Amino acid sequence: MSGGVVYRRWLRDRARSTLVWTVGVVLIVVASAAFYPSLSGASGGGLGSGGSAMSSLLGLSKGIDPGSPLGFLWISLYANIYPWMLMALGVALGVAAIAGDEETGALEYLLAKPVTRTTVAFARFAGAVTILLVVSVFSGLALVLSLPLFDLNQATTSTAADGSKVISPGATAIDIFNGTFSSFAVALGLAGVAFLIGAITGRKGVALGGASAFGIGGYVLYTLSNMTGSLKPLTWISPWRWYVDDAMAVYGLTWNVVLPFAGAVVGFLIGWWAFLRRDLQNP
Amino acid sequence: MDSVIETEGLTKRWGTLTAVDDINLRIPAGECYAFLGLNGAGKSTTARMLLDFIRPTRGTIRVLGGQGSDPSVRARVGYLPGDLNLPRSMTGKDAIAFFGGLGGDRLHVDSAGLIERFGLDPSRPFRELSTGNRRKVGLVLAFMTNPDLLILDEPTSGLDPLLQEEFRDLLAERKAAGATIWLTSHVMAEVERVADRVGLVRDGKLARELTMAELRHQAIGQIRLTFPAHVDAGQFQRVPHVTGAQGTNGEVLVSVDGPVTDVLARGAELGATGIETEKRDLDDIFLEMYQSSGDAK
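Those protein sequences? They're chains Z and Y, same order as listed.
First residue of the first sequence: -8, per the numbering used here; consecutive thereafter.
First residue of the second sequence: 2, per the numbering used here; consecutive thereafter.
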């Protein structure tokens, strides 16, 4: 009962920012798709010939052709800007769930009322998941609707290095779902990290810094490992390793998509456990 | 009588800092207990432990027969923090609906009368409210469910004198209706009006507890007598009800605990040409007691 009240209130307090995020991400997604007609048919070799570091930065693994509809969506959205946007939102929401309100004293006041810490933790994490899902769904739908507008649903034909013709299929709603879902997953994983740090420390700055460092550090680690090769054993901690390597927007979902969900659940459970056992910070 | 608040050896330490040190409290139902002390004495830390925001390093707490973490206990508590903070976009109306809704059917929310009484505009978001108006929101939220226990941290801080008076009236009404009140304050006028008992906390320790009758007894009068020439203050030492006398340059300051008739008669005998009376206010007494409790350590 009170969990539903806390959940709805938390969403309502973020209704305006959710709208702004949704509109912003939708605009960026549609604007990125709009560039396709001017770039379609561009040589994949040019974009992909910058060595392993450049390929890693662009997410051009496994011979993805950036001139194809799916390859274009991958390098212009799903390998870079789209998951970054969702991850930024996920971190902000994960931090806000506990630590954000705790620093202002609003959480303490809420906990003076007939509601438990468990209820607050579950309701707010559910709220974070909901907002992340709303932004993902609307931006994914916007991209699906944009496909025919910018010929992204049309198959393309290109010439390979050996002179043979290569036909690349057009992007479909399922491809968009795969890309959006895997981005949502990685963002949720990072939201779990932000929630975990915030719930353990009650400090907004620490949670924001820690979760951001985890996301950015994972990206840097993955990119450096592709350049040097020596850091490869450490990249298991980076969400980018499976995200970029698997390129689910292009090749379809793999079981690796479960990893960030599992990470989010573990982060939430440990954070909840710690939150129950510690003192609230003095506002 | 059952205790509404009961603490046993309550202690809170952060590293080497002892914020609350071995406090034992028994506050019976219907009592208004004022927890007095300077900034940093441990008042708010104690309040925060009562509601389970922070956990004691040692000792036990019982609130309304249960734990402060229990929602059924919290449903019977009205809390006003020293500095209320709500989500910035939340209006007073939203806050009443939200916090009132958390108790489900257990809570009967009665806010309209309080809104009118405090002159609160419930349509304005929290970010637009002045300190005083934020305080009004806090008071409405604390009182709107007619709680059995009110925990009020510096309740009149930021309120203008008229609203302070309104608040004291409200507190007296709720006390008359049987509510138990635990408040922290620096304002002795507030304490004098509503409290039954005070606890003086210093450096985290409960230095002294006394009833308001005992506190008022401390507010004994003083009489300043003027003479045309020097008079030895010792002339007043044996006069009934005199607790002390000091004299300088034709003036004698006599402290009296009880009727002043004998002092006036003695003054007249000695040829007093002027008389002034003064009564120490509770602020002076508080500071004196605070000082003496520190010296006694």
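The C-beta atom is built at its ideal place from N, Cα and C for all residues, glycine as well.
On a predicted model such as this, the values are computed, not experimentally measured, just so you know.
query, result
"Taking only three categories from DSSP, how would you classify G37/Z?", "Any reading at G37/Z needs caution, since the residue's pLDDT is 47, under 50, leaving its predicted position unreliable; the model's value is listed next. The answer is helix: DSSP assigns G37/Z an H, G or I state."
"How close, in whole Å, do the beta carbons of A119/Z and L138/Z come, if the pair is a contact with beta carbons under 8 Å?", "Between L138/Z and A119/Z the Cβ distance is about 29 Å, and since that is not below 8 Å, they are no contact."
"Given that E99/Z touches chain Y, what residues does it touch there, using C-beta distances under 9 Å?", "R49, L52, F54, P82 and N86"
"Beta-carbon of L103/Y versus every beta-carbon of chain Z: anything under 7 Å?", "yes"
"Residues of chain Y with CB closer than 8 Å to the CB of K223/Z, please, in chain order.", "The contacting residues do not exist; K223/Z stays about 43 Å from chain Y at best."
"At what residues does the beta strand (DSSP E) containing K156/Z begin and finish?", "K156 to S159"
"Among G104/Y, Q223/Y and R175/Y, which one has its Cα closest to the Cα of E277/Y?", "Q223/Y"
"With DSSP collapsed to three states, give me the class of T158/Y.", "The question names Thr, but residue 158/Y in the sequence shown is Ser. In the structure shown, S158/Y sits in coil (DSSP, three-state: anything other than H, G, I, E or B)."
"Under 8 Å by Cβ, that's how I've got S130/Z and V16/Z pegged, so tell me the actual separation to the nearest angstrom.", "4 Å"
"Hey, could you find the ends of the beta strand (DSSP E) N25/Y is sitting in?", "L18 to P29"
"Check the Cβ-Cβ distances between F127/Y and every residue of chain Z, and say whether any is below 7 Å.", "no"
"Could you pull the DSSP bridge partners for S256/Y from this structure?", "Q223/Y and G245/Y"
"Hey, would you say F116/Z sits closer than 7 Å to F259/Z, going by beta carbons?", "yes"
"Is the beta carbon of M78/Z less than 7 Å from the beta carbon of L181/Z?", "yes"
"Determine which residues share a DSSP beta bridge with Y210/Z and list them.", "Paired residue(s): none; Y210/Z is not in a bridge."
"Below 7 Å CB to CB, which residues in the same chain sit around G37/Z once its five sequence neighbours on both sides are set aside?", "At G37/Z the pLDDT is 47, less than 50, meaning the model places this residue with poor confidence; the figure from the coordinates comes in the next sentence. Correct list: empty, nothing qualifies."
"From E7/Y to P29/Y, what distance separates their C-alpha atoms?", "9 Å"
"For the alpha helix (DSSP H) containing L39/Y, name the first residue and the last one.", "Unbroken run through L39/Y: none, as it is neither H nor E."
"Among the residues of its own chain, which have a CB less than 7 Å from the CB of A273/Y, if the five just before and after it don't count?", "L226, T227 and F228"
"Under the rule that 16 or more other beta-carbon atoms within 10 Å means buried, what is W227/Z, buried or exposed?", "exposed"
"Take K104/Z as the anchor and find which of N134/Y, H242/Y and S70/Y has the nearest alpha-carbon.", "S70/Y"
"Taking I152/Y as the reference, give the member of L163/Y, L160/Y and R175/Y with the closest Cα.", "R175/Y"
"For P274/Z, return the contacting residues in chain Y, with the cut-off set at a CB-CB distance below 7 Å.", "D84 and N86"
"Going by DSSP in three states, G67/Y sits in which element: helix, strand or coil?", "strand"
"Taking P126/Y and S90/Y to be in contact with their CB atoms under 8 Å, please state how far apart those CB atoms are, rounded to whole angstroms.", "5 Å"
"With DSSP run on the structure shown, which of helix, strand or coil describes A113/Y?", "helix"
"Is the separation between the beta-carbon of V141/Y and that of L115/Y shorter than 7 Å?", "yes"
"Would you check if there are 3 or more beta carbon pairs closer than 8 Å linking the segment 93 to 103 of chain Z to the segment 248 to 264 of chain Z?", "no"
"Three or more C-beta pairs closer than 8 Å, one from the segment 142 to 155 of chain Z and one from the segment 58 to 67 of chain Z: is that the case here?", "yes"
"I'd like to check one pair, W12/Z with V126/Z: are the Cβ atoms closer than 7 Å?", "yes"
"Residues in the same chain with beta-carbon distance under 8 Å from T58/Y, minus the five sequence neighbours each way, listed in chain order, please.", "T12, K13 and R14"
"What does S4/Y pair with, by DSSP beta-bridge criteria?", "P29/Y"
"So which residues on chain Y does L271/Z lean against when the C-beta distance must stay under 7 Å?", "F54 and I55"
"At the 7 Å Cβ level, is A76/Y part of the contact set with chain Z, yes or no?", "yes"
"Determine, for R5/Z, whether the minimum Cβ-Cβ distance to residues of chain Y falls below 7 Å.", "no"
"Please give the ranges of any beta strand (DSSP E) in the segment 130 to 180 of chain Y, keeping only runs that are unbroken, at least 3 residues long and fully inside the region.", "150 to 154"
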